[in-house]
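Below: the structure, in structure tokens.
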């Protein structure tokens, strides 16, 4: 019965990169090289933490409180950049973080820090002048800091509840608490990286950002569960496996790697279009905030499921007695097989040498020459006779000498 690989070879059909990874013809040593990826992950996390510590998050008005203005720009067709420039030209302090968003083609939204009454009046005049509208048509509303703190508290609570439920769900599905712990570590890696990118880039952290982060946590969880399911499939009957635990996990990663990459790429492409629209066409707003969170989170999720969560799982399970006993048994069996192969190889070499000597004699006989074996015997006999002739012989005595 022919296999798919044999049929492909017979028809001259080439096997692809993904097929070679799945069948084991081509492998990448994910687990043996895991420490390299630990270093890469540590560097990424340190950069993200540095951004959070030294730059901090640019919290939106819903989290920190502030004032929101709205003005019509239909009379002058002023752009968001024109309004932002007019706000900065007022000379009021700490307005660098002001966000200006175009709401359609005839209205803009301006969000600033908390202002007192005189600062509100000054900004209304500047915005009205830049937009070409009357000062009375510029509306504003205040968002208190208490409201922002409540939003922050609710967001943290939602995140904690989400992580706890996810941990319990993974534990119930796999019946393995170590898988749920390593999956949580992968999710925390995604959170830190996404927040760090927001801090480094300077995008505002808004409710849309929070929604995006919860979304990418779910996406990352899905990718991790797919990888873990393949790991469980290849390590379920570990006693009958010819591979060590690390080797079985490495096979699982190679089989699921292309699928994980393809899933990530397919998910990132529309998100990249969303981010491009929010940044370069609309300038800012919910699309930008949501797109950035989804874009960074999906990339981080695909990375962590392969290079963070699964290698950490092998670290957690390597010292289990079942795994240690199985690995030792596999290594002992391989040692015996190698010794048997060495003995077989040496016997084949000896038999090969005998066959070569016999074939040489046959060739010499066919050419009318004495076989090499007879030549060797004659040489041995001649050496023996020469050695015996070299020994001193007793001298013969005459009859007269014997009488004496």
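Residue numbers (UniProt numbering): 1 to 404.
Ideal Cβ positions, reconstructed from N, Cα and C, are used throughout, including at glycine.
Could you tell me the distance, in whole angstroms, from the CA atom of residue 223 to the CA atom of residue 186?
Each residue's Cα considered, the two are about 11 Å apart.
For the beta strand (DSSP E) that contains residue 70, what are its first and last residues?
Segment 66-72, the beta strand (DSSP E) holding residue 70.
With burial defined as no fewer than 16 other Cβ atoms inside 10 Å of the residue's Cβ, what is the status of residue 194: buried or exposed?
Buried, by the Cβ-count rule.
Name the residue from 239, 217, 219 and 246 whose alpha carbon lies nearest to the alpha carbon of residue 231.
The shortest CA-to-CA distance from residue 231 to any of 239, 217, 219 and 246 is the one to 246.
Beta-carbon contacts of residue 120 that lie in its chain and below 7 Å, excluding the five residues immediately before and after
Listed in chain order, the non-local C-beta contacts of residue 120 below 7 Å within the same chain comprise 67 and 140, local neighbours out to five positions each way being set aside.
For the alpha helix (DSSP H) that contains residue 110, what are its first and last residues?
Unbroken run through residue 110 is the beta strand (DSSP E), 107-112; no alpha helix (DSSP H).
Three or more C-beta pairs below 8 Å linking the segment 56-67 and the segment 111-119:
The segment 56-67, when compared against the segment 111-119, does touch it at the 8 Å Cβ threshold.
C-alpha gap between residue 57 and residue 263, whole angstroms:
For residue 57 and residue 263, the distance between alpha carbons rounds to 30 Å.
Below 6 Å CB to CB, which residues in the same chain sit around residue 41 once its five sequence neighbours on both sides are set aside?
Take residue 41, set aside five residues on each side of it, and the residues of its chain with a beta-carbon closer than 6 Å to its own are 308, in chain order.
Where DSSP assigns a beta bridge to residue 38, which residues make up the other side?
Its beta-bridge partners do not exist; DSSP assigns none.
Give the single residue among 322, 31 and 88 whose Cα lies nearest to the Cα of residue 237.
Closest by alpha carbon: 322.
If you follow the beta strand (DSSP E) that residue 141 is in, where does it begin and where does it stop?
That run of the beta strand (DSSP E) goes 139-143.
Within this structure, are the beta carbons of residue 201 and residue 31 separated by less than 8 Å?
No, Cβ-Cβ distance for residue 201 and residue 31 is not below 8 Å.
Our contact map puts residue 216 next to residue 294 with C-beta atoms below 8 Å; I'd like the distance itself, whole angstroms only.
Contact between residue 216 and residue 294 holds, since their C-beta atoms are separated by about 6 Å, short of 8 Å.
Our contact map puts residue 213 next to residue 191 with C-beta atoms below 8 Å; I'd like the distance itself, whole angstroms only.
About 7 Å separates the two Cβ atoms, so the contact holds.
Which residue from 107, 207, 276 and 173 puts its Cα closest to that of residue 154?
For residue 154, the nearest C-alpha among the options comes from 207.
For residue 58, three-class secondary structure by DSSP:
Residue state, collapsed to three classes: strand.
Can you look up residue 349 in the DSSP assignment and give me helix, strand or coil?
In the structure shown, residue 349 adopts helical secondary structure according to DSSP, grouped into three states.
Start and end residues, beta strand (DSSP E) containing residue 135:
Segment: none, residue 135 is in no beta strand (DSSP E) and carries neither H nor E.
Taking residue 151 as the reference, which of 62, 118 and 164 has the closest Cα?
With distances taken between Cα atoms, residue 151 lies closest to 62.
With H, G and I counted as helix, E and B as strand and the rest as coil, what does DSSP make of residue 204?
DSSP places residue 204 in strand when its eight states are reduced to three.
Segment contact, 8 Å Cβ cut-off, at least three pairs: the segment 285-292 with the segment 172-179
The segment 285-292 and the segment 172-179 do not touch, with fewer than 3 CB-CB distances between them shorter than 8 Å.
Beta-carbon separation (whole angstroms), residue 92 vs residue 123, contact threshold 8 Å
A Cβ-Cβ distance of about 7 Å is found for the pair residue 92 and residue 123, placing them in contact under the 8 Å criterion.
Whole-Å CB distance - residue 227 paired with residue 314, under 8 Å assumed
Wrong, their Cβ atoms sit about 12 Å apart, outside the cutoff.
Residue 29, enclosing alpha helix (DSSP H) - first and last residue
Annotation: residue 29 is outside any alpha helix (DSSP H) and is labelled neither H nor E by DSSP.
So what's residue 176 in DSSP terms, helix, strand or just coil?
DSSP places residue 176 in coil when its eight states are reduced to three.
Helix or strand or just coil, what does DSSP make of residue 94?
Coil.
Rounded to whole angstroms, what is the Cα-Cα separation between residue 99 and residue 125?
Taking the straight line from one Cα to the other gives about 18 Å.
Rounded separation between residue 275 and residue 286 - CA only
Rounded to the nearest whole angstrom, the CA to CA distance from residue 275 to residue 286 is 10 Å.
Tell me the rounded alpha-carbon separation between residue 318 and residue 251.
Using only the alpha carbons, I get a separation of about 16 Å.
Among 302, 204, 94 and 350, which residue has its Cα nearest to the Cα of residue 60?
The shortest C-alpha to C-alpha distance from residue 60 to any of 302, 204, 94 and 350 is the one to 204.
Just the C-alpha distance for residue 95 and residue 278, rounded to the nearest angstrom, thanks.
Using only the alpha carbons, I get a separation of about 22 Å.
To the nearest angstrom, how far is the alpha carbon of residue 45 from that of residue 144?
The straight-line gap from Cα to Cα measures roughly 33 Å.
For residue 315, report the span of its alpha helix (DSSP H) as first-last.
From DSSP, the alpha helix (DSSP H) with residue 315 extends over 310-317.
Among 83, 218, 211 and 159, whose alpha-carbon lies nearest the alpha-carbon of residue 127?
Ranking the options by Cα distance to residue 127, first place goes to 83.
What residue from 337, 142 and 135 has the CA that sits closest to residue 115's CA?
Measuring from the Cα of residue 115, the nearest candidate turns out to be 142.
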